[in-house]
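Asks: Following numbering that gives the first Met the number 0, the numbering of the sequence shown begins with 0 at its first residue and continues without gaps.
Even glycine gets a Cβ: it sits at the ideal position worked out from N, Cα and C.
Let me begin by handing over the structure; questions about it come next.
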Amino acid sequence: MSTPLDTYQDRLAGARQGLKNRQELRILMAAEVSPALLHAFLIQWAALTMQLQEPAERFLVEASRRCAEVGEHKLSLSLLQIAGEAIERYRMVADDTRRLAQLWNARRLPHINLTDLLTQSATTSMRRFHESQQLQVDGPRPWTQLAAVYEADATLGSLAGRVTAQAECLLGADVRSCLRSLDALANFEERGSLSRTMVEFLDANPERVDRMAEAGERTLDLYMDFLRECCIAAANLSLHHDRHQAVG
């Protein structure tokens with residue numbers, strides 16, 4: 000007998016596969032991809048993810064407050080715990096960004112200025128992502144914020160192993176210490192309280208699966224746009240490197 004989570008997963012299966020099949024990812028996962036391009040992607044993905052995740056704790060705390068207001072007291076407490084875990088995730092991504100940039104500077108020219116990297120302008124998809132989160136939290140169904148956070152982590156977790164393996168193959172074992180946030184995502188189902196909270200909430204509220212799936216699908220659509228912008232930023236960084244090599 001299928002569970003409410005199974006129903007949710009079935010609803011999201013097509014959208015998740017669509018993300019994995021994105022042309023940008025296929026290029027990065029190809030055997031012939033330039034190591035510099037893959038390295039540039041990892042750097043930009045981490046740096047822009049820092050900006051994407053910066054307000055995550057605030058949104059979760061606000062969602063907790065709003066859930067309490069609509070009578071979802073157990074979920075309200077769980078969201079506060081997840082908010083605390085979001086702080087640690089942000090720290091890991093920040094550390095990965097710094098380490099990836101340092102590895103680039105040890106191997107390639109021109110060097111990356113970490114301050115410039117971390118103060119890039121917010122992209123269109125990032126602004127849309129944050130606007131969507133705020134609308135969810137402020138709306139009549141703040142509990143859908145759980146689905147948005149869950150879907151982002153679950154989908155990235157499904158990509159983490161493939162990206163890490165490609166990075167080690169093309170960039171060497173040294174890169175593994177720069178990918179702690181991906182390692183954490185690869186163990187998504189076993190780590191933290193997010194997965195457990197999702198199961199408990201859907202089991203208690205099976206009639207809300209459709210609304211939760213809609214929030215998950217919306218999150219995936221926005222993340223696809225974000226991933227495309229990360230790839231564009233990576234291509235620009237890699238091109239800058241290639242031009243420097245040609246001149247040198």
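Cβ of histidine 46 within 8 angstroms of Cβ of threonine 123?
Replies: Position check: residue 46 holds alanine in this sequence, whereas histidine was assumed. Result no, Cβ atoms of alanine 46 and threonine 123 do not sit closer than 8 angstroms.
Asks: May I ask you to report which of helix, strand or coil DSSP gives proline 141?
Replies: Here proline 141 sits in coil by DSSP.
Asks: Classify histidine 110 as helix, strand or coil using the three-state DSSP reduction.
Replies: Histidine 110 falls in the coil class under three-state DSSP.
Asks: Which residue's Cα is closest to the Cα of methionine 125: Leu170, Leu108, Ala55 and Leu79?
Replies: Considering only alpha carbons, the answer is Ala55.
Asks: Can you tell me the Cα-Cα spacing of arginine 88 and glycine 70, whole angstroms?
Replies: Their backbone Cα atoms lie some 28 angstroms apart in a straight line.
Asks: If you check the beta carbons only, do leucine 145 and threonine 218 fall under 8 angstroms apart?
Replies: Against a cut-off of 8 angstroms, the Cβ pair of threonine 218 and leucine 145 comes out as no contact.
Asks: Taking 8 angstroms as the threshold (C-beta atoms), are valine 60 and alanine 82 in contact?
Replies: Cβ atoms of alanine 82 and valine 60: closer than 8 angstroms.
Asks: Alanine 232 and leucine 36 - do their beta-carbons sit closer together than 8 angstroms?
Replies: No.
Asks: Taking 8 angstroms as the CB-CB cut-off, is arginine 21 touching chain C?
Replies: No chain C is part of this structure, which consists of one protein chain only.
Asks: Tell me whether isoleucine 111 is buried or exposed, calling it buried when 16 or more other Cβ atoms sit within 10 Å of its Cβ.
Replies: So isoleucine 111 ends up on the buried side.
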